[in-house]
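Notes for the one structure printed next.
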Amino acid sequence: MTNRVFIFDTTLRDGEQSPGATLTLKEKIAVASMLDAMGIDIIEAGFAASSEGDAQCIEAVGKAVKNARVCSLARAITGDIEAAARALENAPRARIHTFVSTSDIHIEHQLRKTRDQVLEIIQKTVTLARRYCEDVEWSAMDATRSDMDFLMKAVSCAIESGAKTINLPDTVGYSVPEIYGAMFEKMTARFPDVCFSVHCHDDLGLAAANSLAGVRGGARQIECTINGIGERAGNAPLEEVVMALSVRKDYFGCKTGIDASRIYPTSRFVAAVTGFPIPKNKAIVGSNAFAHESGIHQDGMLKNRETYEIMRPESVGLTRSQLVMGKHSGRAAFKSKLEEINAALDDEAFEACFLAFKNLCDRKKNVTEEDLMSLVHDYHSKGSSSFVRLINFTLAQDDEASYTAKTIMDVDGKEKTATASGNGPLDAIFTCINQSTGLSPALDSFEAHSVSQGCDAQAESIIVMTEQGQTYTGHARNTDTIIAAAHAYVGAINKILAKGK
Ligand code: KIV
Ligand code: ZN
Numbered sequence: 225m226t227n228r229v230f231i232f233d234t235t236l237r238d239g240e241q242s243p244g245a246t247l248t249l250k251e252k253i254a255v256a257s258m259l260d261a262m263g264i265d266i267i268e269a270g271f272a273a274s275s276e277g278d279a280q281c282i283e284a285v286g287k288a289v290k291n292a293r294v295c296s297l298a299r300a301i302t303g304d305i306e307a308a309a310r311a312l313e314n315a316p317r318a319r320i321h322t323f324v325s326t327s328d329i330h331i332e333h334q335l336r337k338t339r340d341q342v343l344e345i346i347q348k349t350v351t352l353a354r355r356y357c358e359d360v361e362w363s364a365m366d367a368t369r370s371d372m373d374f375l376m377k378a379v380s381c382a383i384e385s386g387a388k389t390i391n392l393p394d395t396v397g398y399s400v401p402e403i404y405g406a407m408f409e410k411m412t413a414r415f416p417d418v419c420f421s422v423h424c425h426d427d428l429g430l431a432a433a434n435s436l437a438g439v440r441g442g443a444r445q446i447e448c449t450i451n452g453i454g455e456r457a458g459n460a461p462l463e464e465v466v467m468a469l470s471v472r473k474d475y476f477g478c479k480t481g482i483d484a485s486r487i488y489p490t491s492r493f494v495a496a497v498t499g500f501p502i503p504k505n506k507a508i509v510g511s512n513a514f515a516h517e518s519g520i521h522q523d524g525m526l527k528n529r530e531t532y533e534i535m536r537p538e539s540v541g542l543t544r545s546q547l548v549m550g551k552h553s554g555r556a557a558f559k560s561k562l563e564e565i566n567a568a569l570d571d572e573a574f575e576a577c578f579l580a581f582k583n584l585c586d587r588k589k590n591v592t593e594e595d596l597m598s599l600v601h602d603y604h605s606k607g608s609s610s611f612v613r614l615i616n617f618t619l620a621q622d623d624e625a626s627y628t629a630k631t632i633m634d635v636d637g638k639e640k641t642a643t644a645s646g647n648g649p650l651d652a653i654f655t656c657i658n659q660s661t662g663l664s665p666a667l668d669s670f671e672a673h674s675v676s677q678g679c680d681a682q683a684e685s686i687i688v689m690t691e692q693g694q695t696y697t698g699h700a701r702n703t704d705t706i707i708a709a710a711h712a713y714v715g716a717i718n719k720i721l722a723k724g725k
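Here it is, written out as structure tokens:
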């Protein structure tokens, strides 16, 4: 058996299924390009039949990425498989990923079919998918609650029909490592030439452990997402499974094609565009993941880092130098610093980011790597779907709690002015924005945190709002928290408007 484990990233499909994690096309392409640069083997870019937006994204990602294979999900339905094939038509390296449930509870209550009918469906749909695409993956949804003998039959049928990769998902996050690992041992003993894949959800907090147990059992593909975002409690976090395989090579004896130094910037970018902040104590990418607080640990670290550090922060792309640039830094220094933080840009993006950098230097004395990363993130997040733009605003405090705001906005090319009072500065500004755009979404949450250190640090603001039962997020950064919040609010409004177009 080969010791190469393929990494299948589903941030843009299962990850985007997290409530509120709606990304614009531009943001998705930027995420896909970062995944590609990281060495991801397969990028699941969406579910073509689910929406025109997903189909467009798969097509665009297929064109944008240089190395990764691009994949679309498809139910076991002719129309879905055809939609996936159309979206992947121009991708140089494509995969169709089709699935059907194999557990009795799904077969009886959701599909309302018999086991024999499910076998027929597998045979028909995998054969059809193979007509369009050389590379077909088949998933047994709810594999971990399926009858093992029937699962074996279903897997055999998918392989005979042409599937090259067989994924056995723990769809509801029910399995435990020993049982999940044993299932792969059984499968790989029976079908030694097939690539088996793990796909774990984190309902019991076991997604990473189960995925790794599957690899021990012989699986050679891991389906995962950046920061573990995904349905309900999420999917297995890519950063955790990749670093576990790397740090504990002695135990797993496997390797991936991932450039781990790209993990940290990609994680920060995904957190920013999805609006899902990373908990401070999150393994690998949390801001405390490499912080040593206790005196005993600090003493040990000063004597020999390995006393308390099992991997170097630099190995996942977390660089220690904080103070990097200032207003005297020129284009060459800016370019070389971007390359150092793995954020090289094309000419147009470089010029836009350099201008933003110079503007930031007027407001902030010391520009850190975090600041540079955030400039690049902002560039990738802005643009294609901006229907409204906040030109500027003024604020006046009426009394202790009450404020009056006046905003000037560009709404579909027309300048609109609004004035409103509110209980606090943000309430006043958000009310003005609602007046100018004719929307009144419910504000679910508002967060602000500093991107770097110091009193002049940039604040990152994340807004989550609901409109007609659908959740939207917006984020923005500025040295002024109120400006960041106002732009984050407009960002989320643009996502609502993009949905309606
Ligand atoms: O969790 C799951 O079963 C899935 C399948 C569609 C692979 O996401
Ligand atoms: Zn899933």
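Going letter by letter, the sequence shown gives residues 225 to 725 in my numbering.
Backbone N, C-alpha and C define an ideal beta-carbon position, used for all residues, glycine too.
How is the alpha helix (DSSP H) around TYR356 delimited, first residue to last?
Position 132 of the sequence shown, counted from the start, is the residue given in the question as residue 356. Per DSSP, TYR356 belongs to the alpha helix (DSSP H) from 339–356.
Out of curiosity, what's the CA-to-CA distance linking ARG293 and SER470?
Numbered from its first residue, the sequence shown carries residue 293 at position 69. Numbered from its first residue, the sequence shown carries residue 470 at position 246. For ARG293 and SER470, the distance between alpha carbons rounds to 23 Å.
Assess, as a yes-or-no matter, whether the stretch 347–356 is touched by the stretch 288–303 under the definition of 3 or more beta carbon pairs within less than 8 Å.
yes
Grouping DSSP H, G and I as helix and E and B as strand, with all else coil, what is HIS601?
As a position in the sequence shown, residue 601 is number 377, starting the count at 1. If DSSP states are grouped into helix, strand and coil, HIS601 belongs with the helices.
Close-in-space but distant-in-sequence residues of the same chain around LYS504 (CB under 8 Å, 5 per side omitted)
The count along the sequence shown starts at 1 and reaches residue 504 at position 280. If we look at LYS504 and ignore the five residues flanking it on each side, its Cβ neighbours are GLY510, SER511 and ASN512.
Looking at the strands, I want to know which residues DSSP matches up with ASP394.
As a position in the sequence shown, residue 394 is number 170, starting the count at 1. Per DSSP, CYS424.
Please classify ILE446 as buried or exposed, where buried requires at least 16 other C-beta atoms within 10 Å of its C-beta.
By 1-based counting over the sequence shown, the position of residue 446 is 222. Answer is buried; the Cβ neighbour count reaches 16.
Within 10 Å of its beta-carbon, does ILE508 have 16 or more other beta-carbons around it, so buried, or fewer, so exposed?
Position 284 of the sequence shown, counted from the start, is the residue given in the question as residue 508. Looking at its Cβ environment, which holds 16 or more other Cβ atoms inside 10 Å, ILE508 is buried.
C-beta atoms of PRO401 and ASN434 nearer than 9 Å:
The residue you call residue 401 lines up with position 177 of the sequence shown. The residue you call residue 434 lines up with position 210 of the sequence shown. Yes, the pair counts as a contact, with Cβ atoms nearer than the cut-off.
Can you find a heavy atom of the ligand KIV that lies under 8 Å from the Cβ of SER518?
Here the question's residue 518 lines up with position 294 in the sequence shown. Checking every heavy atom of the ligand KIV against the Cβ of SER518, none is found closer than 8 Å.
Once DSSP output is grouped into helix, strand and coil, what is the label at ARG587?
Taking the first residue of the sequence shown as position 1, residue 587 is located at position 363. Helix at ARG587.
Endpoints, the alpha helix (DSSP H) within which GLU564 is located
Against the sequence shown, residue 564 aligns to sequence position 340. Here the alpha helix (DSSP H) through GLU564 covers 555–564.
Is there at least one non-hydrogen atom of the ligand KIV closer than 8 Å to the beta-carbon of PHE323?
On the sequence shown, position 99 is the one that residue 323 refers to. Yes, the beta carbon of PHE323 sits closer than 8 Å to at least one heavy atom of the ligand KIV.
Less than 6 Å between C-beta atoms, sequence neighbours within five positions excluded: which residues of the same chain meet that for ALA672?
As a first step, residue 672 is located in the sequence shown; it is residue number 448 there, counting from the start. If we look at ALA672 and ignore the five residues flanking it on each side, its Cβ neighbours are ALA683, SER685 and THR705.
Whether LEU312 touches GLY277 by CB criterion (9 Å)
As a first step, residue 312 is located in the sequence shown; it is residue number 88 there, counting from the start. As a first step, residue 277 is located in the sequence shown; it is residue number 53 there, counting from the start. Taking 9 Å as the Cβ cut-off, LEU312 and GLY277 do not qualify as a contacting pair.
Outcome for THR531 when other beta-carbon atoms lying within 10 angstroms are tallied against a minimum of 16:
Here the question's residue 531 lines up with position 307 in the sequence shown. It counts as exposed.
Does the distance between the C-beta of ASN459 and the nearest non-hydrogen atom of the ligand ZN fall short of 8 Å?
Within the sequence shown, the letter at position 235 stands for residue 459. Result yes, Cβ under 8 Å from the ligand ZN.
Nearest-angstrom Cα separation, counted from CYS577 out to ARG701
Here residue 701 refers to the residue found at position 477 when the sequence shown is read from its first residue. Here residue 577 refers to the residue found at position 353 when the sequence shown is read from its first residue. Rounded to the nearest angstrom, the two C-alpha atoms are 14 Å apart.
Please name the residue in VAL289, HIS516 and GLY662 whose C-alpha comes closest to that of THR641.
If you number the sequence shown from 1, residue 641 lands on position 417. It is GLY662.
By how many angstroms is the C-alpha of ASN314 removed from the C-alpha of PRO393?
Residue mapping note: residue 393 aligns to position 169 of the sequence shown, counting from 1. Residue mapping note: residue 314 aligns to position 90 of the sequence shown, counting from 1. If you take the alpha carbons of PRO393 and ASN314, they lie about 29 Å apart.
Quick one: Cα of ALA557 to Cα of CYS585, how far?
Residue mapping note: residue 557 aligns to position 333 of the sequence shown, counting from 1. Residue mapping note: residue 585 aligns to position 361 of the sequence shown, counting from 1. Taking the straight line joining both Cα atoms gives about 14 Å.
Enclosing beta strand (DSSP E) for ASN702 [first to last residue]:
Here residue 702 corresponds to residue number 478 of the sequence shown, with the count starting at 1. Unbroken beta strand (DSSP E) run through ASN702: 694–702.
Nearest residue (CA-CA) to THR628, options GLY263, PHE617, PRO416 and THR697
One-based indexing of the sequence shown puts residue 628 at position 404. Cα-wise, what sits closest to THR628 is PHE617.
Regarding SER363 and the ligand KIV, is the C-beta to nearest heavy atom distance less than 8 Å?
The residue you call residue 363 lines up with position 139 of the sequence shown. True, at least one ligand heavy atom lies under 8 Å from that Cβ.
Looking at the ligand ZN, does it come within less than 8 Å of PRO243, judged from the CB to the closest heavy atom?
For the purposes of this step, residue 243 is identified with residue 19 of the sequence shown, where counting begins at 1. PRO243: no, Cβ never under 8 Å from the ligand ZN.
I want to know whether the stretch 402–418 touches the stretch 470–486 - three or more CB-CB distances under 8 Å.
no
Near the ligand ZN: ASP278 beta-carbon under 8 Å from a heavy atom:
In the sequence shown, counting from the first residue as 1, residue 278 sits at position 54. Checking the Cβ of ASP278 against the ligand ZN gives no.
With distances taken between CB atoms, is the gap from LEU721 to VAL688 smaller than 9 Å?
Within the sequence shown, residue 721 is the residue found at index 497, counting from 1. Within the sequence shown, residue 688 is the residue found at index 464, counting from 1. Going by C-beta atoms, LEU721 is not nearer than 9 Å to VAL688.
Which residues share a DSSP beta bridge with SER296?
Walking along the sequence shown from the start, residue 296 turns up at place 72. Bridge partners of SER296: GLY270 and ILE320.
With a cut-off of 8 Å on the beta carbons, I'd call ILE329 and ARG339 a contact; round off their distance for me.
Taking the sequence shown and counting its residues from 1, the one referred to as residue 329 is at position 105. Taking the sequence shown and counting its residues from 1, the one referred to as residue 339 is at position 115. Incorrect: roughly 12 Å between the Cβ atoms, too far for contact.
How big is the Cα-Cα spacing for ASN647 and GLN621?
Residue numbering aside, residue 647 sits at position 423 when the sequence shown is read from its first letter. Residue numbering aside, residue 621 sits at position 397 when the sequence shown is read from its first letter. Approximately 10 Å between the Cα atoms of the pair.
Terminal residues of the beta strand (DSSP E) in which ASN434 lies:
In the sequence shown, residue 434 corresponds to position 210, counting from 1. First-last for ASN434: 431–440, but that is the alpha helix (DSSP H), not the beta strand (DSSP E).
Rounded separation between PHE215 and ALA710 - CA only
An answer regarding residue 215 cannot be provided, because it is not within the stretch 225 to 725 covered by the chain.
Count the CB pairs spanning the stretch 373–390 and the stretch 422–429 that are closer than 8 Å, and state whether there are at least three.
no
Could I get the ranges of all uninterrupted alpha helix (DSSP H) runs contained in the stretch 480–534, with 4 residues as the minimum, in chain order?
487–498 and 519–527
Classify SER275 as buried or exposed, calling it buried when 16 or more other Cβ atoms lie within 10 Å of its own Cβ.
Here residue 275 is taken as the residue at index 51 of the sequence shown, counted from 1. Result: exposed.
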